[in-house]
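Novice: Residue 0 is where the sequence shown starts when you use numbering that gives the first Met the number 0, and the numbers rise one by one after that.
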Amino acid sequence: MKVNKTIKLLLRIILSGAAIFMVLRKVDLEQAWEYLKEARIPFLLAAVLAFFLSKVIAVYRLNYFYRTQGIQFKDLQILKLSWLSMFYNLFIPFVGGEGYKAYWIKKRSVVPLKSLVWSALIDRGSGLTALVLVTGVFFYFSSFAPPNRALFYLLIPLAYIGNWAVTRIFFRSFLPAWGITQLLSLPVQFLQAVTAYMVMLSLGIDTAVLDYIFVFMLATFAYIVPLIGAREMAFVFGADALGLSMEVSLAIGLLFYLSLAFNSLLGTYFIFNPKAVGEEVGFRLNIGEEAKED
0 MKVNKTIKLL LRIILSGAAI FMVLRKVDLE QAWEYLKEAR IPFLLAAVLA FFLSKVIAVY
60 RLNYFYRTQG IQFKDLQILK LSWLSMFYNL FIPFVGGEGY KAYWIKKRSV VPLKSLVWSA
120 LIDRGSGLTA LVLVTGVFFY FSSFAPPNRA LFYLLIPLAY IGNWAVTRIF FRSFLPAWGI
180 TQLLSLPVQF LQAVTAYMVM LSLGIDTAVL DYIFVFMLAT FAYIVPLIGA REMAFVFGAD
240 ALGLSMEVSL AIGLLFYLSL AFNSLLGTYF IFNPKAVGEE VGFRLNIGEE AKED
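1. Tell me the DSSP secondary structure of I306 in three-state form.
2. Looking only at its chain, what residues have a beta carbon closer than 8 Å to the beta carbon of F86, apart from the 5 residues adjacent to it on each side?
3. Just to confirm, is the Cβ distance from F64 to S118 under 9 Å?
4. Would you list the one or two residues that DSSP bridges to I179?
5. Residues in the same chain with beta-carbon distance under 6 Å from K105, minus the five sequence neighbours each way, listed in chain order, please.
6. Under 6 Å Cβ to Cβ from T67, same chain only, skipping five residues before and after it: list those, please.
7. Just to confirm, are Y211 and A229 a CB contact at a threshold of 9 Å?
8. For E289 and L253, what's the separation of their Cα atoms in angstroms?
9. Grab the span of the alpha helix (DSSP H) containing L132 for me, first residue to last.
10. Using three-state DSSP, classify I204 as helix, strand or coil.
11. Using C-beta distances below 8 Å, list every residue in its chain close to F143, excluding the 5 sequence neighbours before and after it, in chain order.
12. Residue range of the alpha helix (DSSP H) that T67 falls in?
13. Pull up the CB-CB distance for Q181 and T128, whole angstroms please, since I reckon it's below 8 Å.
14. Just reading off the alpha helix (DSSP H) that N262 is part of, what are its end residues?
15. Are the beta-carbon atoms belonging to V208 and Y196 less than 9 Å from one another?
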């Protein structure tokens with residue numbers, strides 16, 4: 000098992016390194032650095048705040064899925080746990096943040112591990128469905144006009160119908176939370192777009208703004224790929240494919256990643272103060288109560 004994990008980690012590092020190398024070969028680093036030097040701090044702070052708010056709302060969304068499984072978390076507690084898992088994801092790649100979160104909850108509860116795994120996967124699926132809609136909105140307002148453009152918009156209802164059908168057929172216990180979690184997913188994704196926009200304002204970019212945001216949201220689908228900086232690299236290559244500046248895209252991607260890193264640093268406090276997350280259970284387990292009755 001340890002050998003498999005080591006191999007997977009090495010593959011992630013090698014593939015990430017190869018992708019970064021490809022970016023560096025194609026991009027004018029001096030020009031990208033010139034953009035970065037001009038970044039204005041107030042807008043960067045606004046980007047960090049927008050990203051922070053998106054993560055707070057995402058925690059509430061995940062909480063609804065947990066509740067369908069009979070777990071009642073305190074919102075603040077799961078928020079703290081999420082910052083800790085973000086820190087692990089970004090700064091300690093060989094410790095999966097989601098895996099740590101599931102381990103932490105399982106250690107303090109009788110909830111089946113599969114319920115935690117399904118909750119995380121369905122939560123991610125909810126985010127992807129909303130991402131289709133938000134990307135479609137920016138695609139509509141962008142200057143791109145590919146053939147059969149209208150066909151792209153069919154993906155939006157298909158994504159929602161597909162998500163609902165999969166939930167109903169395979170994960171029926173999560174269905175009561177479907178509507179509210181889909182609604183919460185929309186501001187999560189829009190705030191990601193706001194983060195990118197604030198980064199662009201910090202760089203003084205005022206041309207092709209909607210085009211860059213569309214490509215950025217499109218590149219966000221790459222976050223399902225377990226590579227370091229996958230979204231940012233997809234953004235750079237996507238921008239190049241659609242005729243946008245790779246140097247500008249690299250600067251935007253790096254500063255967006257920086258806003259993510261600043262938010263992830265909040266988890267540092269909980270690394271050194273694990274009790275601050277909550278050593279007590281802090282939530283009610285209906286599953287456990289039912290087990291006692293049996």
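By construction, the Cβ of each residue, glycine as well, lies at the ideal position given by its N, Cα and C atoms.
Specialist: On the basis of the data shown:
1. The structure shown does not extend to residue 306, since the chain spans only 0 to 293, so no value can be given for it.
2. In the sequence shown, residue 86 corresponds to position 87, counting from 1. Closer than 8 Å at Cβ, skipping near neighbours: G96, S263, L264, L265, G266, T267, F269 and I270.
3. Position 65 of the sequence shown, counting from 1, holds the residue named residue 64. Position 119 of the sequence shown, counting from 1, holds the residue named residue 118. Result yes, Cβ atoms of F64 and S118 sit closer than 9 Å.
4. What you label residue 179 is simply residue 180 of the sequence shown in a count that begins at 1. Bridge partners of I179: none, in fact.
5. Start at 1 with the first residue of the sequence shown, and residue 105 comes out as number 106. Within the same chain, K105 has close Cβ partners L112.
6. Residue numbering aside, residue 67 sits at position 68 when the sequence shown is read from its first letter. Cβ within range, chain order: S172, F173, P175 and A176.
7. Start at 1 with the first residue of the sequence shown, and residue 211 comes out as number 212. Start at 1 with the first residue of the sequence shown, and residue 229 comes out as number 230. For Y211 and A229, no; Cβs fall outside 9 Å.
8. Here residue 289 refers to the residue found at position 290 when the sequence shown is read from its first residue. Here residue 253 refers to the residue found at position 254 when the sequence shown is read from its first residue. Unreliable positioning characterises E289 in this predicted model, as indicated by a pLDDT of 39, which lies under 50. A coordinate reading is not provided.
9. The count along the sequence shown starts at 1 and reaches residue 132 at position 133. Its alpha helix (DSSP H) spans residues L112 to F140.
10. Translated into positions along the sequence shown, residue 204 becomes position 205. Coil.
11. Counting from 1 along the sequence shown, the entry for residue 143 is found at position 144. Correct list, in chain order: D210, F213 and L241.
12. Residue mapping note: residue 67 aligns to position 68 of the sequence shown, counting from 1. T67 -> alpha helix (DSSP H) spans I40 to T67.
13. Here residue 181 corresponds to residue number 182 of the sequence shown, with the count starting at 1. Here residue 128 corresponds to residue number 129 of the sequence shown, with the count starting at 1. The pair is a contact, with the Cβ atoms about 7 Å apart (cut-off 8 Å).
14. Taking the first residue of the sequence shown as position 1, residue 262 is located at position 263. Where N262 is concerned, the enclosing alpha helix (DSSP H) stretches over M245 to S263.
15. Here residue 208 refers to the residue found at position 209 of the sequence shown. Here residue 196 refers to the residue found at position 197 of the sequence shown. Yes, the Cβ-Cβ distance between V208 and Y196 is below 9 Å.
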